[in-house]
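Q: Which chain is which? The protein sequence lines are A and B, in order.
Throughout the first sequence, residue numbering follows the UniProt record's numbering, covering 1 to 296 in sequence.
Throughout the second sequence, residue numbering follows the UniProt record's numbering, covering 1 to 259 in sequence.
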Amino acid sequence: MITFLELLVNGISIGAVYALIALGFVVIFKATDVVNFAHASLLLAGGYVVARLHAAIGFWPALLAGIAVAAVLGALVEFLVIRRSKAATHGVLAIVTIGVDIVLTTELTRRIGAEVLAMGDPWGSRVVHLGPVPVAETRLVALVTAALLIAVFLLAFKFTGWGVAMRATAEDPETAALMGVRLGRVSLSAWAVAGALAAVAALFLCVFPTPGLDRGASFAALKAFPAAILGGLDSTTGALVGGLVVGVTEALMTGYQNDLTFLGRGIGDVAPFLVMIAILLLRPAGLFGTKELARV
Amino acid sequence: MAELTVGDLVVDYGPVRALSGVSMRVPSGAVVAVLGANGAGKTTLLRAISGTLRFQRGRIARGTIELDGARLSGLGAAAVVRCGVTHVPEGRRVFARMTVEENLRAGGLGTPRRAAAEARERVRELFPVLAERSRQPAGLLSGGEQQMLAIGRALMAGPSVLLLDEPTLGLAPQMAARIAATIRAINAAGTSVLLVEQNVATALSLASYAYVLEVGGVAMEGPAAALAASDEVRRRYLGVSDETPAEVRPRAALPRWSA
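1. Is the segment 228-238 of chain A close to the segment 181-196 of chain A, with three or more CB pairs under 8 angstroms?
2. Which residues mark the beginning and the end of the alpha helix (DSSP H) in which Y256(A) is found?
3. For the segment 149-164 of chain B and the segment 72-88 of chain B, state whether three or more C-beta atom pairs, one from each stretch, are separated by less than 8 angstroms.
4. State whether the segment 31-49 of chain B contacts the segment 274-288 of chain A, with contact taken as three or more CB pairs (one from each stretch) at a distance under 8 angstroms.
5. Mind listing, in chain order, the continuous alpha helix (DSSP H) runs of no fewer than 4 residues lying wholly within the segment 22-85 of chain A?
6. Alpha carbon to alpha carbon, how far is A224(A) from E102(B)? Give it in angstroms, no decimals.
7. Mind checking who E66(B) pairs with in its DSSP beta bridge?
8. Please identify the residue among I229(A), G184(A) and L203(A) whose C-alpha is closest to the C-alpha of S218(A).
9. May I have the straight-line CA-CA distance separating R234(B) from R97(B), to the nearest angstrom?
10. Do we get a CB-CB distance below 8 angstroms when we pair G110(B) with the residues of chain A?
11. Taking only runs of the beta strand (DSSP E) that begin and end inside the segment 120-155 of chain A, which ones reach a length of at least 3 residues, in chain order?
12. Hey, how far is the Cα of L108(A) from the Cα of A18(B)?
13. Only counting the same chain, and skipping five residues up and downstream in sequence, which positions put a Cβ closer than 6 angstroms to that of A199(B)?
14. Sort out for me which residues DSSP pairs D165(B) with in a bridge.
15. Just the chain E side, please: which residues come within less than 9 angstroms of T106(A) by C-beta, in chain order?
16. Closest to E90(B) by CA distance: which of P27(B), A33(B) and E166(B) is it?
17. Under 9 angstroms, CB to CB, which of the residues in the segment 92-104 of chain B have a partner in chain A?
18. For L222(A) and chain B, any beta-carbon pair shorter than 8 angstroms?
19. On the CB-based measure, 16 or more other CB atoms within 10 Å of its CB, does residue 284(B) come out buried or exposed?
20. Could you give the C-beta distance for T94(A) and V34(A), rounded to a whole number, given that I count them as a contact under 8 angstroms?
21. Less than 8 angstroms between the beta carbons of A177(A) and L109(B), yes or no?
22. Does A2(B) get closer than 8 angstroms to chain A when you measure Cβ to Cβ?
23. If you measure beta-carbon to beta-carbon, which residues of the segment 47-59 of chain B are closer than 9 angstroms to chain A?
24. In chain A, what lies closer than 9 angstroms to G84(B) by C-beta?
25. Helix, strand or coil for T44(B), going by three-state DSSP, please let me know.
26. Compute the distance between the beta-carbons of G247(A) and F288(A), then report whether it is under 8 angstroms.
27. Provide the residue(s) that pair with P137(B) in DSSP beta bridges, ordered along the chain.
28. Using alpha carbons as the reference points, say which of E250(A), A40(A) and F159(A) lies closest to R215(A).
29. Taking 8 angstroms as the threshold (C-beta atoms), are A170(A) and G11(A) in contact?
30. Can you name the residues of chain B whose CB is closer than 9 angstroms to the CB of E174(A)?
31. Does any CB atom of chain B fall closer than 8 angstroms to the CB of G231(A)?
32. Curious, which full-length alpha helix (DSSP H) runs of at least 4 residues does the segment 77-121 of chain B contain?
33. Does the beta-carbon of G153(B) have 16 or more other beta-carbons within 10 angstroms, so that it is buried, or is it exposed?
34. Note down the Cα distance separating F208(A) from L263(A), rounded to an integer number of angstroms.
35. With a CB to CB cut of under 7 angstroms and the five nearest residues on each side skipped, what residues in its chain are close to L293(A)?
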């Protein structure tokens, strides 16, 4: 039972981190209709900056720098690549982002090499006990931080002018432009926000119990894709639920791996994708994907 | 107060020419109607003015669009709104998944907060029904209410010129009459209106001057009253025929109903 609770808490925590990544993914899709396959490389870039800078300027400034770099990088991708290819269809743009991802990831893995870079975070490997359940401090911090960021984001999305502009654009870009919404800015801000969220996620993917940032870190980010898709690609709520589903599934499957040997080793890595496929078979638009709402 | 002028406007969608040299004038404070059959280029004209041609892969090949002498052609849609020209698109296009209140807020996004708050008051007075439904998703409003919302949303930007594309299309006659009355009220408050309408009778009763578009060019123009009286307009658009109708034979009453 204690094992189960421990796995559950860890799953929720990592799920919240996946939700951060998936949220960025969904925001970009809503604002620009582009599926951003370069998301993992933005995440890797943010994490890389934190890992390289923390020794020189301290952890917190390094974290801010990492967030800023990922946000600017996201904005640059939008400005230099997506905006210039307005004529292309969204499918083509999605493939263009795969190209961007390969370029960025190759350069970053070249720089990282075979190293495993510590993130220099203040939590280290401390473990706290919630009643009888031992939980790594990093996992708790991840959970709280992700929950806070998500709350702030959702409130902004619901109540600020930026949020209204974003939702109007998601629903009907042409009409949003007729309202005086500057579509370029909406798209640029979506990419920047997604980059910033990804950088925070990168931090928590690479701290204890993970040894640190290595060149495989962007693979972990790939698990946010099933999270975004099973939740419904255009739903922020879906991104959150999807993130948690993927996180908990992965944690439980990995934790009980020894009882599941008939499925082979490494079922934890595969499970999120199996869940995604199962959900899409039942609900093709994802759990919270758009249902048509219209009356004539 | 502002005067909108269109000079020798030519618009292409790829290889297809949609407008070939249209000139018109919307004087300050006037209601000007644009009539014409489907495909004559009425919507294209409004899109060219509001800067949304690019969404349809269209482009202005030649000509000018000016507001009080300041060039509008070439500006993006958001910039045109800031100049004081707003466009209520055909089919209303409300943001169905957002609430009525959020739709109105979206309309004021390009405007300073103060001005938007004042416009909000005006819209509340003009359309009390929208205030009652402010928290409902716009997609659940009736067609007429959606049209009111679309117009109210456009007024949030405090426009000096309002472009209306088929505002009464698909509405019940009573609702169409209410929309027409609203357009009069908006104009009386000082906003010029460029009105595209298929319902020629409604359009000519609202407008002081009208243009008739045919295959991308102005086929006829004149004061609304003169056009309404013109035989050609009556015959082609109002469905009034000068010929004596073919002999109408009184039909024998159906026995079942005659009792």
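Ideal Cβ placement from N, Cα and C applies to all residues, glycine included.
A: The short version:
1. With a cut-off of 8 angstroms, the segment 181-196 of chain A and the segment 228-238 of chain A do not count as touching, because too few Cβ pairs lie within range.
2. Position 256 of the first sequence holds residue 256(A). Y256(A): not part of any alpha helix (DSSP H); DSSP gives it neither H nor E.
3. At 8 angstroms Cβ cutoff, the stretches touch.
4. They do not touch, by the three-pair rule.
5. Along the segment 22-85 of chain A, the alpha helix (DSSP H) occurs as fully enclosed runs of 4 or more residues at 39-57 and 59-76, listed in sequence order.
6. Position 102 of the second sequence holds residue 102(B). Position 224 of the first sequence holds residue 224(A). The straight-line gap from Cα to Cα measures roughly 31 angstroms.
7. For this step, residue 66(B) is matched to residue 66 along the second sequence. Note: E66(B) sits in a beta bridge opposite T5(B) and R71(B).
8. The residue you call residue 218(A) lines up with position 218 of the first sequence. When each option's Cα is compared against that of S218(A), the closest is L203(A).
9. Working through the second sequence from its first residue, we reach residue 234(B) at position 234. Working through the second sequence from its first residue, we reach residue 97(B) at position 97. Pairing R234(B) with R97(B), the inter-Cα distance amounts to about 42 angstroms.
10. Here residue 110(B) corresponds to residue number 110 of the second sequence, with the count starting at 1. By this cut-off, G110(B) is an interface position.
11. The beta strand (DSSP E) runs lying completely inside the segment 120-155 of chain A and spanning 3 residues or more are 127-130 and 133-136, given in chain order.
12. Locating residue 108(A) in the first sequence gives position 108, where the first residue counts as 1. Locating residue 18(B) in the second sequence gives position 18, where the first residue counts as 1. L108(A) and A18(B) have their C-alpha atoms roughly 50 angstroms apart.
13. As a first step, residue 199(B) must be located in the second sequence, where it is residue number 199. A small correction: the amino acid at residue 199(B) is Asn; Ala does not occupy that position in the sequence shown. Within the same chain, N199(B) has close Cβ partners T168.
14. For the purposes of this step, residue 165(B) is taken as the residue at position 165 of the second sequence. Under DSSP, D165(B) forms a beta bridge with V196(B).
15. The displayed structure is made up of protein chains A and B, and chain E is not among them.
16. Along the second sequence, read from residue 1 onward, the residue named residue 90(B) stands at position 90. Put simply, of P27(B), A33(B) and E166(B) the residue whose alpha carbon is nearest the alpha carbon of E90(B) is E166(B).
17. Cβ contacts with chain A come from R93, V94, F95, A96, R97, M98, E102 and N103.
18. Counted from its first residue, the first sequence places residue 222(A) at position 222. At a cut-off of 8 angstroms between beta carbons, L222(A) makes no contact with chain B.
19. The structure shown has nothing for residue 284(B), since chain B only spans 1 to 259.
20. Numbered from 1 along the first sequence, position 94 holds the residue referred to as residue 94(A). Numbered from 1 along the first sequence, position 34 holds the residue referred to as residue 34(A). Contrary to the premise, residue 94(A) reads as Ala rather than Thr in this sequence. Correct: roughly 6 angstroms between the Cβ atoms.
21. Here residue 177(A) refers to the residue found at position 177 of the first sequence. Here residue 109(B) refers to the residue found at position 109 of the second sequence. Contact flag unset, no.
22. The residue you call residue 2(B) lines up with position 2 of the second sequence. Chain A, which has no Cβ nearer than 8 angstroms to the Cβ of A2(B), makes this no.
23. Answer set for the segment 47-59 of chain B: S50, G51, T52, R54, F55, Q56 and R57.
24. Working through the second sequence from its first residue, we reach residue 84(B) at position 84. In chain order: nothing, as chain A lies at least about 11 angstroms away.
25. Here the question's residue 44(B) lines up with position 44 in the second sequence. Correct three-state label for T44(B): helix.
26. Here residue 247(A) refers to the residue found at position 247 when the first sequence is read from its first residue. Here residue 288(A) refers to the residue found at position 288 when the first sequence is read from its first residue. For G247(A) and F288(A), no; Cβs fall outside 8 angstroms.
27. Taking the first residue of the second sequence as 1, we reach residue 137(B) at position 137. Beta-bridge pairing links P137(B) to T99(B).
28. In the first sequence, the residue the question calls residue 215(A) occupies position 215. Looking from the CA of R215(A), the closest CA among E250(A), A40(A) and F159(A) belongs to A40(A).
29. For the purposes of this step, residue 11(A) is identified with residue 11 of the first sequence, where counting begins at 1. For the purposes of this step, residue 170(A) is identified with residue 170 of the first sequence, where counting begins at 1. Result no, Cβ atoms of G11(A) and A170(A) do not sit closer than 8 angstroms.
30. The count along the first sequence starts at 1 and reaches residue 174(A) at position 174. Result: T52, F55, Q56, A77, P89 and R93.
31. Translated into positions along the first sequence, residue 231(A) becomes position 231. So no, G231(A) is outside the interface.
32. Every alpha helix (DSSP H) of 4 residues or more that sits fully in the segment 77-121 of chain B is shown, in chain order, as 77-83 and 100-107.
33. Translated into the one-based positions of the second sequence, residue 153(B) becomes position 153. The sequence as given places Arg at residue 153(B); Gly does not occur at that position. Residue environment for R153(B): buried (at least 16 other C-beta atoms within 10 angstroms of its C-beta).
34. Translated into positions along the first sequence, residue 208(A) becomes position 208. Translated into positions along the first sequence, residue 263(A) becomes position 263. So the two alpha carbons sit approximately 28 angstroms from each other.
35. The residue labelled residue 293(A) in the question sits at position 293 within the first sequence. Unreliable positioning characterises L293(A) in this predicted model, as indicated by a pLDDT of 49, which lies under 50. A coordinate reading is not provided.
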